[in-house]
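Mapped onto the working numbering, the consecutive letters of the sequence shown carry residue numbers 48 to 320. Note that the Cβ used here is the ideal one computed from N, Cα and C, for glycine as well. Inspection log for the structure reproduced underneath, given as structure tokens.
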Amino acid sequence: MLQFSIDEEKCIQCGECAADCPRSIIELEPEYPRIVPGKEDNCIQCQHCLAICPTEALSILGVDPDKCPSLDAIPSPDQMEALVRGRRSTRRYKQENVDPDTVNWLMDMLAHAPTGVNNRRLLFTLVDDVKTMDTIRKEAFEGIRAKVQSEGLPERYAVFEQFLAVWDKGMDVPFRGAPHMLIVSSPDDSPCPEADPYIALSYFELCAAAKGLGTVWCGLGKYALFDIVPELGSKLGVPEDHKSVYVMLFGNPDLEYHRGVQRENTAVNRVKM
Ligand SMILES: Cc1cc2nc3c(=O)[nH]c(=O)nc-3n(C[C@H](O)[C@H](O)[C@H](O)COP(=O)(O)O)c2cc1C
48 MLQFSIDEEK
58 CIQCGECAAD
68 CPRSIIELEP
78 EYPRIVPGKE
88 DNCIQCQHCL
98 AICPTEALSI
108 LGVDPDKCPS
118 LDAIPSPDQM
128 EALVRGRRST
138 RRYKQENVDP
148 DTVNWLMDML
158 AHAPTGVNNR
168 RLLFTLVDDV
178 KTMDTIRKEA
188 FEGIRAKVQS
198 EGLPERYAVF
208 EQFLAVWDKG
218 MDVPFRGAPH
228 MLIVSSPDDS
238 PCPEADPYIA
248 LSYFELCAAA
258 KGLGTVWCGL
268 GKYALFDIVP
278 ELGSKLGVPE
288 DHKSVYVMLF
298 GNPDLEYHRG
308 VQRENTAVNR
318 VKM
């Protein structure tokens, strides 16, 4: 049920809602905008029609345009540059929980990351409890040890034997001693299963940086949880058919960076035809 409705007192019949609909299923017939009869199922629920209406006349999915966020506070290019250039991968964390309000805000932000065809079937598996994270890292290393002692590790993951030796001396390389972890996974049959988790985590990373949190993409954790000890990944609740999965660690940083770094794009393939 799309609950598409028009406040005829406010609608100026500008046609912007119809022009912006990515599925072209809004028509200005007979007088005011409506979903073309029979086309409701084509709606991808992006809410562009509501966002573009200049007079708050259009509502869809029960959303009140009056209560939608204003666009006045968009960061300036300088602020965006500071965020993008100032973000760093963090590998030293305080052993404490992040403030729950901050975590909840970050999780809310994930709903605004774009997904292919606005397909919103990503699963966000969240570990926001430092003790639970400790249990997971211990179980991961026990699982790695069991694999090493039974069949041995595939060549590709041979380095985890070194990580195990270092773990026995008290250092956690794969999970960087982080207190929290976010795993984003996508069902294989969604339109863009490969891209969607990466995009969501990129949004999360920048929003976390804006809140002063540290994050680090965790390829090593993905290998540990989903390739070497997949039973642990399943135990965390990531469904078996979610083959597209990635891991990010986060928490309050136990360090401070004092400047950004300098980098250049090394390969720009600028095309003119
Ligand atoms: C897909 C991906 C996987 C990564 N996996 C790990 C990882 O397992 N462990 C780690 O310490 N850093 C990991 N990183 C962080 C990179 O090493 C880091 O982004 C790079 O060194 C540049 O540093 P910066 O993020 O501070 O700019 C990963 C980054 C990406 C994008």
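Check, Outcome
"Is the CB-CB distance between Arg192 and Arg138 below 8 Å?", "no"
"Could you tell me which uninterrupted beta strand (DSSP E) segments, each at least 3 residues in length, are contained entirely in the region 215-276, listed from first to last along the chain?", "227-233, 261-264"
"Do Gly261 and Pro321 have their beta-carbon atoms positioned less than 8 Å apart in this structure?", "Within the shown structure, residues of the chain are numbered from 48 to 320, placing residue 321 beyond reach of any answer."
"Please name the residue in Asp235, Arg184, Pro122 whose C-alpha comes closest to that of Leu211.", "Arg184"
"For the alpha helix (DSSP H) containing Thr182, list its first residue and its last residue.", "177-196"
"Taking the continuous beta strand (DSSP E) assigned at Thr172, which residues delimit it?", "170-174"
"Glu186: which of Glu303, Lys282, Ala66 sits nearest, CA to CA?", "Lys282"
"Leaving out the 5 sequence neighbours to the left and right, which residues in its chain are closer than 8 Å to Leu253 when beta-carbon positions are compared?", "Leu130, Val131, Arg134"
"At which residue ranges does the region 104-159 contain complete alpha helix (DSSP H) runs of 4 or more residues, listed in the order of the chain?", "124-133, 147-157"
"Would you report the Cα separation of Gln142 and Leu153, rounded to the nearest angstrom?", "19 Å"
"Going by DSSP, name the residue or residues bridged to Ser71.", "Paired residues: none, contrary to the question."
"Three Cβ pairs or more, each shorter than 8 Å: is that satisfied between the region 86-96 and the region 58-70?", "yes"
"Going by C-alpha to C-alpha distance, which of Phe251, Cys265, Gly266 sits closest to Gly259?", "Phe251"
"Would you say Ala158 faces chain C, with C-beta separation under 8 Å as the test?", "This model lacks chain C altogether, as it is built from one protein chain only."
"Is DSSP giving Ile59 helix, strand or coil here?", "coil"
"Using C-beta distances below 7 Å, list every residue in its chain close to Tyr270, excluding the 5 sequence neighbours before and after it, in chain order.", "Tyr204"
"Grab the span of the beta strand (DSSP E) containing Leu296 for me, first residue to last.", "291-298"
"Is the separation between the beta-carbon of Arg168 and that of Ser123 shorter than 8 Å?", "no"
"I need the straight-line Cα distance from Asp88 to Gly163, nearest angstrom please.", "17 Å"
"Less than 6 Å between C-beta atoms, sequence neighbours within five positions excluded: which residues of the same chain meet that for Phe51?", "Ile82, Ile107"
"Could you check what DSSP says for Arg203 in three-state terms: helix, strand or coil?", "helix"
"When the Cα of Met180 is compared with those of Asn151, Phe297, Thr102, Gln60, which residue comes out closest?", "Phe297"
"Within a Cβ cutoff of 7 Å, which residues of the same chain sit near Glu208, ignoring the five residues on either side of it in sequence?", "Val195, Leu200"
"Starting from the C-beta of Pro161, find all residues in its chain whose C-beta is less than 7 Å away, skip the five residues before and the five after it, and write them out in chain order.", "Ile246"
"If you draw a straight line from the alpha carbon of Asn151 to that of Ile230, how long is it in whole angstroms?", "15 Å"
"Does Tyr304 pass the burial test, meaning 16 or more other C-beta atoms within 10 Å, or should it be called exposed?", "exposed"
"What is the rounded straight-line gap between the Cα of Ile121 and the Cα of Val213?", "45 Å"
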